[in-house]
Amino acid sequence: MSYLLAQGPQLENRWRRELPASDTVLLGRSATHWQVTWDASISRQHVELQLTTNGLSVKKLEQAGNPVFHNGEQQNALLLQPGEHFVIGKTTFTYSESEVIATLDHSTPAIEQTFLLDDLQHVQFDKTPQRIDLLSQLPDLISNAGDDHELFSKLVTWLMLGIPRAAGIAFVSWKADQQIPQGVEVLYWDSRGIKSEKFTPSQQLIQQTIEADVSTLHFWNQDSESEYTELQGIDWAFCIPIGGSSCSGWGLYIAGRSESNTALPEDSEQQLNIKIDMKYAQLAASTLGKLRTLKFLQRTETHFRQFFPDVVVDALQSTTPEELLSPRECEVSVLFCDLRGFARTSEQSKHDLMRLLQTTSQSLSVMTRQILDHHGVIGDFHGDAAMGFWGWPVATDDGSEALRACQTALAITAEFTKQAEPTRATIGIASGLAVAGKIGSDDQVKVSVLGPIVNLAARLESMNRQFNTMILVDEATAQVVERAKFPLDTVKLATVRPLGMETDTGIYMLLTQAELQNNIESYERYSVALQAIEKGDMLTGTASLKTLLADYPTQAGFAQFILEHISQQASHVIHLHDK
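Each residue of the sequence shown is one higher than the one before, counting from 0 in numbering that gives the first Met the number 0.
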């Protein structure tokens, strides 16, 4: 791996970043990519970096004010080899190709000590004013980190300032099944004063720390002949486990060299100093673990809010997701919404599929936003269709699930109607018993709902095309609407037996009371005709429907479908042969 190390006039003015293999990087005081905020001599965008097969290409940008120096000479363009550097203002930039890999060293430590968190609490800080000043900087330091790499970089710099004895620092990860040498991955590292930059964290120490979940300190006698310690110029190292579910298997590894050249007794002052450093490092490890856990929870909450209403996300804060999202039988109301004419639109847009995707995404956004705004759960997507449901994971006993589903349906159609290019959507709603929760295979799970009621809602949605309607609901949903003193109403259209089902069900058109009043005469005449048909008086019922169609060909268009099927089946129950 190739890196660029920036070092300013102060120790804290430092970062080390991995150079991308192909992308060009802009470097400057407020550059788009890599920022050097501490040096006023560096322009907002100063140089362009490009890693090549021959080295690191560095080009000074035209707008850059101050010169770029290499080997004491001003250069507008240069090609660096590993180990070489260039200077802008008071900052040195070094190009290196060092890679840190943990080693399974065989040198036995002279002293090994392990510490629980409480053990280090009793250790008193030295250089208290300096430590307090550094600790006060920690919240701002971590809150401004954009990603893990920047967070690691800031924490390592902070640790270098607070632990002058540290020669090398690394954030590491150890897992027994990890597909890398010795199972140790070095997530980020930096070093100072280590011979030939041979910083190789001890795999033995890391594994021991992570497996036992205790901070572990190793001392090696300086007079021992250890190739491992001699090559690095160190005689001590410790590793601290980083807690938190988002940092599983992570550790903070720090190594350095003691001031004394003598062997260390069990209770030496050197050991006390290292313990003080461990306490300081423990704060960084704890902060990192808690911060990443917090960010993980925030991302999880954001993810959940894409599928669940606020009331469900709020409930997740007081119980475990496993408990709240576990599958169970419950009374639900299911809504299916589909775009009318999507197949034809897809065919017409076959040469502009990105525009088709954009249009479809906008329509799906309307559906999902209204489902969530009315406290529903996003169940699934099927191309241009969306499914939402109510009654899980938070249930009510007053039937409000069905009312919210109906309100959602009317809100969706209203929003589509107001668009500059009106979109036609058809919706089906059914209410009843189903299984809802985390559903899926061993490889992939999702939150959804299963049961006959789900199939019925899908059938109702497709029936809109046959009845020339927009929103159809089943009998259970219609009964809830009828009982509620709400500005909603239904008109029964027929009794049907959907394809693949063994039970007859009444289907109802959902509309607002205002829509009902605007067409009250046609709906009342249709209801009278339907009652006659369901009582077996086919002659009177069909005659009434024919008269209704002649008087209201637009408003009562669904009557045509009823007439055709009654004449074919000689029954008031319509047996559907299509989905």
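The beta-carbon is built from N, C-alpha and C at its ideal position, and this holds for glycine as well. Just so you know, these numbers come straight off a predicted model, no measurement behind them.
- Nearest Cα to I239 within the set N272, F170, G88, K289: F170.
- Rounded to the nearest whole angstrom, the CA to CA distance from S214 to W14 is 27 Å.
- If you draw a straight line from the Cα of T292 to the Cα of R327, it comes to about 29 Å.
- Note on geometry: alpha-carbon atoms of S332 and T489 lie some 16 Å from one another.
- If you ignore the 5 residues before and after Y551, its C-beta comes within less than 7 Å of the C-beta of S521, all in its own chain and listed in chain order.
- Partner residues in a beta bridge of V122, as assigned by DSSP, do not exist.
- Bounds of the beta strand (DSSP E) holding R13 are 13 to 17.
- Nearest neighbour of M0 by Cα position, chosen from Q6, L18, T208, turns out to be L18.
- Shown here for M462: same chain residues with a beta carbon closer than 6 Å to its own, the five before and five after excluded, namely L471 in chain order.
- When DSSP states are grouped into helix, strand and coil, P240 belongs to the strand group.
- Note that the C-beta distance between C336 and A435 is not below 8 Å.
- The three-state secondary structure of G167, taken from DSSP, is strand.
- Counting along the chain, the unbroken beta strand (DSSP E) around R327 starts and ends at 327 to 338.
- Looking only at L487, F485, I506, T359, the smallest Cα-Cα distance to V495 is reached by I506.
- Around the beta carbon of G378, 16 or more other beta carbons lie within 10 angstroms, which makes this residue buried.
- Residue pairing by DSSP places W173 opposite V183 in a beta bridge.
- Rounded to the nearest angstrom, the gap between the Cα atoms of L216 and N12 is 29 Å.
- Remark: C-beta atoms of L402 and G427 do not approach each other more closely than 8 Å.
- Contact between W188 and A283 is absent: CB atoms are separated by about 14 Å, not below the 8 Å threshold.
- DSSP places A513 outside any beta strand (DSSP E); the residue lies instead in the alpha helix (DSSP H), whose first and last residues are 512 to 517.
- When the beta-carbon positions are compared, L487 and Q516 stay at least 8 Å from each other.
- For W235, the closest alpha carbon among the candidates M277, G242, G243, A211 is that of M277.
- Shortest Cα-Cα distance from A394 to any of V376, F380, D383, Q406 involves V376.
- Approximately 16 Å separates the beta-carbon atoms of A549 and T539; this is outside 8 Å, ruling out the contact.
- A distance below 8 Å separates the beta carbons of G7 and W37.
- In this structure, L324 lies near P392, with their beta-carbon atoms less than 8 Å apart.
- In the DSSP assignment, E501 falls outside any alpha helix (DSSP H) and carries neither an H nor an E.
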